[in-house]
Amino acid sequence: MKHASDIPSISRRWFIGAAGTCALMNTNAFAETSHPKGAPEDSHGEVSNPFGKNLIPAQPSPQDYQYRPSIHFSPSVGFMNDPNGLIYDGEFFHLYYQYNPIAPYAGYVHWGSAKSKDLYSWEDGPIVLKPTSAGEAFSGCAIIDRDNTSGLFPALPATDPRSKEPNLAIVYTRAAPKLQTQDIAISRDGGTTYTDISANPVLDIHSNSFRDPKVFFHAPSGRWIMTVVQSRLHKVSFYGSFNLKDWMHLSDFESAGLFGVDYECPNLIEVQLEGTNETRWLMLISINPGAPQGGSTTQYFVGFFDGERFTAEDAHTVFGLTDFCKDSYALQCYENLSISQATMIAWLGNWQYCEQVPHSTWRGVMTLPRHISVRRDTDGWIRLVQRPIGLENLRLSQIPTPFHHLPALTTQTVALPKNQAIELVIKASLEPRSQMLPDGTSGRAGRFTIDFSNAQGEKLTIGFDGFSCQLWVERGGLKGFMDPFFTREFSAALTPDVREFSLRLVYDACTLELYVNDGIAVGTALVFPQEPLDRVSFSTTNTAANIQQLEVYPLRATMPRPLPKTA
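1598 is the number that the numbering used here gives to position 360 of the sequence shown; each next residue is one higher, with no gaps.
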C-alpha cells in the first residue's frame, strides 16, 4: 500500500500556498484518506469505558493513606494515567494528565492539571479538557507559540493581564470508538483554562487508531514537527506545519522495535551525548501490551533527525527499553527546556493491574522528574541515561550507617522512619573468591543484598550477583497486593566482569525507583507492603563486600494529601 511517506520533499513556498487551499477543508488534504490496512474497527480499551460506566466512586480505606506517596505526584481522587502537555513556561512547570475525576478506573477521559516551580511541590489545577460528543480527550502535548505562527493569539492591550501570558496551546487527540483526530485548544491565562479552536480537527486521516501527538518547533527547518502514532500499524508518522493548523505528511518510522499491540505516546527529543560536544535524537515509543516483562513499557531508539525523517544510528535499528522493571509507561519530555536540561516524567503503573491496586479512592502515580541524556556503554552502544532531579533539596538529616566493610555471611541493619520517603545512595564491590563454584542460593561468586523489611516478615529485596554482574529486584515478599500479572522479580545486566555497582534508590510509599550505575539502568516498580517497611539491611552471602559510599536520607514531604474521612 502506498502511503504519503512516498511524497518527495517540496519547497516551503509551495507548501504555504497549498496550506492556504487546505484551510478551506475540514480534513487535511495531505493526510491519508483511506482506512489504514490492518487497523481495528475499534481501538484502545479506554473507549469502552466512557460515559456512564465505572463512574461509581470507591469508598475510602486505610490503604488510600498508607500507599499515598509523599514526593511523587498522585491525584487527590479518581484515576490518573499518562502525563500530557509537559511544558515549562518560564515560571511554572505544567503537568497535565489523563484523568477520570469521577472514579478510580480508566475511562471517561479528561485532562487534569497541576503546576510547580520545582517539579515536586505541585499545586492542583482545574480540569482543562473534557469529553464531548466528538469523543474523549486522549493524550497530547503543550507548546508555546511565541511568534503567533498559528494566528490564534491576537494581540491584546498592554493593560490586559492576559497580554503578559505565554501563547500556550495544547495539541491532543479527540478519540471516539470509530475515529481519532488531532485537535488544538488554546489558553490566554497561563494554562489554567483552554478553549478548543473552531478549525478542529486540524489533522484527520479517517482512522480510529491515530493518536498521541507530540509537537515541537524545529528551528533548522523553520516549522512545527508533529510525531503521532498509527498505533495498530506500529508506525510513527511525522508531519510538518508552519501554522499549527495545516499539516503535511513528511515520513514514517516503522517496522522496528517490539511487536506489541498498540504503539502510543511517541516522543522525539534532542539530548546530549555525554562526554562529547555531540547530540543525538531519542525516539521514544510506548507499547501496550507486549512488553517483555508483560503489559506496558516504553522503548527507545537513538539516531538523527533532519527535519523530515528520523534515522536510527545503527543499520539494524537496535532499540532499548527505558526500564528493566514493569511500572514506567507513557514517558513524556518537557518542552521549552534546553538540550542540557532535557527532563521527563512517566506514569508509574502498568495497564495489566492499574485498576486493581489496593488503594481505592485514587489510582495513579507519576515518576520523579528525571534528567535524560545518552552515553556510550563499555561495548560502544549509545544508551539512555536517566537521573532524578532535585532530590538533594529534599534531604533531611542523614541516618547514620557506621560500616564500610561486610565480611562474608554478615548483615547490618538500620532503622528507618515510618511513612516517610527514603533515598539510599550506595557504591559497593564484592571481593574475589578463591573458589568460584556454585554455592547453593548464595551464587557462584557471591551476592550482596539490600532488604527493606518489617517485623511482620515482609521483605523487598534489591541484590547484586558478583558472577553474572546482574542486579535484581524482588517484590514478591510483600503481602499488600496479589495479582497474576503483578510480576515478582526483575533483573538488569550491568557491566560484564566488573564486581561492583552503584545505586541510587528512592522508596516512597507504593513506589520504588532504582538508578543503577549512574542511571544507565533504571528500574521503576510499584510495591505494596501490608505494613510499613521500617528497616533496611545490608547482607553478604559467601564473599565479603567493600562499601565505598553509603548514605541514607529521609526526604521532606512535598505532596501532602488529606487522610480519607472514613479511613
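Heads up, the beta-carbon is just placed ideally off N, CA and C, and yes, glycines get one too.
To the nearest angstrom, how far is the alpha carbon of residue i from that of residue j?
i       : j       : result
LEU1698 : PHE1491 : 40 Å
ALA1666 : PHE1542 : 37 Å
ASN1481 : ASP1552 : 34 Å
SER1377 : ALA1693 : 43 Å
GLN1819 : LYS1564 : What is shown of the chain runs 1239 to 1805, which leaves residue 1819 out entirely.
GLN1570 : THR1599 : 26 Å
ASN1588 : THR1725 : 11 Å
PHE1317 : ARG1742 : 29 Å
SER1799 : SER1312 : Here residue 1799 is Arg; the residue named in the question, Ser, does not match the sequence. Rounded to whole angstroms, ARG1799 to SER1312 spans 9 Å at the Cα level.
ILE1381 : SER1475 : 19 Å
PHE1728 : GLU1751 : 13 Å
GLU1361 : ASN1780 : 50 Å
GLY1389 : PRO1395 : 16 Å
LEU1788 : SER1359 : 27 Å
MET1486 : THR1419 : 15 Å
TYR1432 : VAL1366 : 6 Å
PRO1342 : ASN1319 : 11 Å
LEU1709 : GLY1701 : 6 Å
CYS1503 : VAL1453 : 12 Å
ALA1747 : THR1514 : 38 Å
LEU1662 : ASN1784 : 17 Å
LYS1483 : VAL1466 : 15 Å
GLN1624 : GLY1533 : 22 Å
ALA1731 : GLY1602 : 29 Å
GLN1768 : LYS1717 : 5 Å
ILE1583 : ALA1759 : 16 Å
TRP1462 : PRO1339 : 32 Å
THR1535 : GLY1498 : 10 Å
Taking the DSSP output, what are the residues bridged to residue i?
i       : result
GLY1587 : BP columns for GLY1587 are empty, so no partner.
GLY1460 : Paired residue(s): none; GLY1460 is not in a bridge.
VAL1373 : Contrary to the premise, residue 1373 reads as Gly rather than Val in this sequence. The partner list for GLY1373 (beta bridge, DSSP) reads THR1370.
VAL1774 : VAL1652 and PHE1690
THR1465 : LYS1452 and PHE1476
Looking only at C-alpha atoms, which of the options sits nearest to residue i?
i       : options                               : result
PRO1607 : ARG1614, GLN1594, GLY1628 and ALA1646 : GLY1628
GLN1786 : ALA1759, THR1549, LEU1668 and GLU1696 : LEU1668
VAL1556 : CYS1707, VAL1453, LYS1717 and TRP1619 : TRP1619
LEU1506 : PRO1530, PRO1626 and ALA1568          : ALA1568
THR1749 : PHE1455, HIS1609, ALA1731 and VAL1765 : VAL1765
ASP1615 : ASP1756, GLY1460 and LEU1357          : ASP1756
ARG1713 : GLY1761, ASN1446 and PRO1458          : GLY1761
PRO1792 : VAL1744, ALA1759 and GLY1715          : VAL1744
THR1651 : ILE1637, GLY1363 and ILE1340          : ILE1637
THR1649 : HIS1487, ALA1782 and GLN1531          : ALA1782
ALA1494 : VAL1453, ASN1657, PRO1451 and ALA1550 : ALA1550
LEU1644 : TYR1305, SER1777, GLY1460 and ALA1457 : SER1777
SER1479 : GLN1468, GLY1460, LYS1473 and ARG1613 : GLY1460
ARG1671 : GLN1336, TRP1585, ASP1703 and PRO1626 : ASP1703
ALA1763 : THR1605, PRO1321 and ILE1688          : THR1605
PHE1562 : ASP1689, LYS1473 and VAL1711          : VAL1711
PRO1655 : SER1314, ASP1617, GLY1498 and VAL1790 : VAL1790
Is there at least one Cβ from chain C nearer than 7 Å to residue i's Cβ?
i       : result
ARG1426 : Absence of chain C from the displayed structure is noted, only one protein chain being present.
Can you name, in chain order, every residue of its own chain whose Cβ lies under 7 Å from the Cβ of residue i, other than the five neighbours on each side?
i       : result
ASN1386 : ASN1405
PHE1330 : LYS1353, SER1354 and LYS1355
SER1691 : LYS1697, LEU1771, ARG1773 and SER1775
GLN1510 : THR1517, ILE1577, SER1578 and SER1611
ARG1794 : LEU1632 and LEU1634
LEU1496 : ILE1525, GLY1528 and GLN1537
ASP1721 : TYR1591 and GLN1594
PRO1458 : GLY1545
Please work out which residues of its chain come closer than 8 Å, Cβ to Cβ, to residue i, disregarding the five sequence neighbours upstream and downstream, and give them in chain order.
i       : result
PHE1705 : MET1674, GLY1681, ARG1682, ALA1683 and GLY1684
TYR1538 : LEU1520, MET1521, LEU1522, ILE1523, PHE1557, GLY1558, LEU1559, THR1560 and LEU1622
LEU1575 : TYR1326 and THR1581
LEU1417 : GLY1373, ASP1442, HIS1444, SER1445 and ASN1446
LEU1647 : THR1778, THR1779 and ASN1780
Leaving aside the five residues before and after residue i along the sequence, list all residues of the same chain whose C-beta is less than 6 Å from its C-beta, in chain order.
i       : result
TYR1572 : LEU1324, TYR1326 and THR1581
ARG1229 : As shown, the chain starts at 1239 and ends at 1805. That puts residue 1229 outside it, with no answer to give.
SER1351 : TYR1334, GLY1363 and VAL1366
THR1796 : ILE1309, TYR1358 and SER1359
HIS1456 : ILE1463 and GLY1545
ALA1659 : SER1308, ILE1309, ASP1746 and LEU1793
If you measure from the CB of residue i, is any heavy atom of the ligand SAM nearer than 6 Å?
i       : result
ASP1756 : Inclusion of the ligand SAM in the displayed structure is not the case, the ligand content being empty and no account of it being possible.
Exercise for review: Tell me, please, whether the stretch 1399-1409 touches the stretch 1426-1446 by the rule of three or more beta-carbon pairs shorter than 8 Å.
Suggested key: yes
Practice item. Would you be able to state if there are at least three C-beta pairs under 8 Å between the stretch 1297-1311 and the stretch 1583-1603? Key: yes
Exercise for review: Decide if the stretch 1384-1400 is in contact with the stretch 1426-1446; the criterion is three or more beta carbon pairs, one per stretch, under 8 Å apart.
Suggested key: yes
Check your understanding: Is the number of C-beta pairs between the stretch 1734-1742 and the stretch 1531-1548 that are closer than 8 Å three or more?
Key -> no
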